[in-house]
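J.: So in the UniProt record's numbering, spot 63 of the sequence shown is number 63, and the numbers just go up one at a time.
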Amino acid sequence: MKLNERSLAFYATCDSPADNTGFLYKRGERHTAYHRRWFVLKGNMLFYFEERESREPVGVIVLEGCNVELCDSAENFAFAIRFGGAKCRTYVLAAESQAAMESWVKSLSRASFDYLRLVVRELEKQLEEMRWGLAGGCGGCQGPSGSWKLKSSALEQSPERLPALPAVLPKENGCAVWNNTPGAQRPPDTSGCSECDDEGNPRPPPLPPRRRASGSDVGSTRAARVESLSTFCQLHEQYGREVARLRQNWLERQRGPQP
């Protein structure tokens, strides 16, 4: 991207939101006298004007490859912007109060793209830890870094908190939707728990045990998806045939006995 004086002046004075603004005392490069200037921080560019109402900035400081630190000076609340290199200039600034100095030092330290890059890396690391924790899916599972932990699932500890199934199963065309094959019985309960809760409602089936996802499980994700898709297709065909048979029986009953 190419920049010139006109584009910089427009960016400094346009209506885009600024990260920080205010008066600071700036020490001259040749003379050590301090001059009061109006500063505007936008992104990684620090503009300074002679007055607050000035239409063009006097100069701009690109905040890349620099350190913002406190310094000793004749003025109170002074801090410096130091760049790496022997011939690089050091900008010495002074605020009007302790609170203003702390605000400027904090905002200037966070203005560079280097700082934003570190923030993005840290957020990506935390997101990866969350993904590892969710992939484990069990109580107390721990990701590779060990900083993200999941507590025991409340659903596994208290299955009665799950929404109770309806006492009367929904019906469609006079037949129950679930297990509506004539003469079919519910399989025996081998879990050792009662089939109904205190209110007489049937309990939901117990949750399957969860296990930690190992490296081999992660590597075989594609094979597992193909297998689950094949199983779904088989179940779809099986229940489809049952629905078609029930629908045919219902149509025959609607027509009545043939003369």
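All C-beta atoms in this analysis are idealised placements derived from N, C-alpha and C, irrespective of residue type, glycine included.
Kindly say whether ALA12, judged by its beta-carbon, lies nearer than 8 Å to any beta-carbon of chain B.
T.: Reference to chain B is not applicable here, since this structure consists of a single protein chain.
J.: Tell me, to the nearest whole angstrom, how far the beta carbon of ASN67 is from that of LEU41; I am working on the premise that it is less than 8 Å.
T.: Contact doesn't hold; Cβ gap of about 16 Å is too wide.
J.: Taking C-beta to C-beta, are TYR11 and TYR25 nearer than 8 Å?
T.: No.
J.: Taking ALA94 as the reference, which of LYS106, SER73, CYS88, GLY85 has the closest Cα?
T.: For ALA94, the nearest C-alpha among the options comes from SER73.
J.: Answer yes or no: do LEU63 and SER112 have a C-beta to C-beta separation smaller than 8 Å?
T.: Yes, the pair counts as a contact, with Cβ atoms nearer than the cut-off.
J.: Measure the beta-carbon distance from PRO57 to ALA18 and round it to whole angstroms, keeping in mind my assumption that it falls under 8 Å.
T.: Actually they do not touch by this definition, with Cβ atoms about 12 Å apart.
J.: Output the distance between the C-alpha atoms of GLU29 and MET130, rounded to the nearest integer angstrom.
T.: Going by the C-alpha atoms only, they are around 50 Å apart.
J.: What do you get for GLY70, buried or exposed, if any count of 16 or more other CB atoms within 10 angstroms of its CB means buried?
T.: At residue 70 the sequence reads Leu, which differs from the Gly that was named. LEU70 is exposed by the Cβ-count criterion.
J.: Give the DSSP bridge partners of TYR34, in chain order.
T.: According to DSSP, which records beta bridges pairwise, TYR34 is partnered with ARG27.
J.: Within the continuous beta strand (DSSP E) that includes PHE77, where are the two ends?
T.: Per DSSP, PHE77 belongs to no beta strand (DSSP E) and is neither H nor E.
J.: Distance, Cα to Cα, ARG253 vs HIS236?
T.: Each residue's Cα considered, the two are about 26 Å apart.
J.: How far does the beta strand (DSSP E) with GLY43 in it extend, from its first residue to its last?
T.: That residue, GLY43, is in no beta strand (DSSP E); it is neither H nor E in DSSP.
J.: Helix, strand or coil, according to DSSP, for PRO58 in the structure here?
T.: Looking at the sequence provided, one finds Val at residue 58 rather than Pro. Looking at VAL58 - three-state DSSP - the assignment turns out to be coil, as it is neither helix nor strand.
J.: What is the rounded straight-line gap between the Cα of SER103 and the Cα of GLU128?
T.: Spanning the two alpha carbons is a distance of roughly 32 Å.
J.: ARG52 and THR13 look like a contact to me (Cβ under 8 Å); what is the Cβ gap, rounded to whole Å?
T.: The pair is not a contact, with the Cβ atoms about 11 Å apart (cut-off 8 Å).
J.: Does the distance from the CB of VAL105 to the CB of PHE79 come in under 8 Å?
T.: Against a cut-off of 8 Å, the Cβ pair of PHE79 and VAL105 comes out as a contact.
J.: Would you call ARG37 buried or exposed, if buried means 16 or more other Cβ atoms sit within 10 Å of its Cβ?
T.: That one is buried.
J.: Taking ALA100 as the reference, give the member of GLY22, LEU134, HIS31 with the closest Cα.
T.: If we check each option's Cα against that of ALA100, GLY22 comes out closest.
J.: Tell me the DSSP bridge mates of ARG82?
T.: DSSP, once it has assigned bridges, lists ASN67 as partnering ARG82.
J.: Nearest CA to the CA of PHE39: which residue from ARG247, THR32, VAL60?
T.: The shortest C-alpha separation from PHE39 is found at VAL60.
J.: Assign VAL243 to buried or exposed, taking buried as 16 or more other Cβ atoms, counted over all protein chains shown, within 10 Å of its Cβ.
T.: Exposed: under 16 other Cβ atoms inside 10 Å.
J.: If I'm right that VAL92 touches ARG27 with Cβ under 8 Å, what's the distance once you round it to whole angstroms?
T.: At roughly 4 Å, the Cβ-Cβ gap stays under 8 Å, so VAL92 and ARG27 are in contact.
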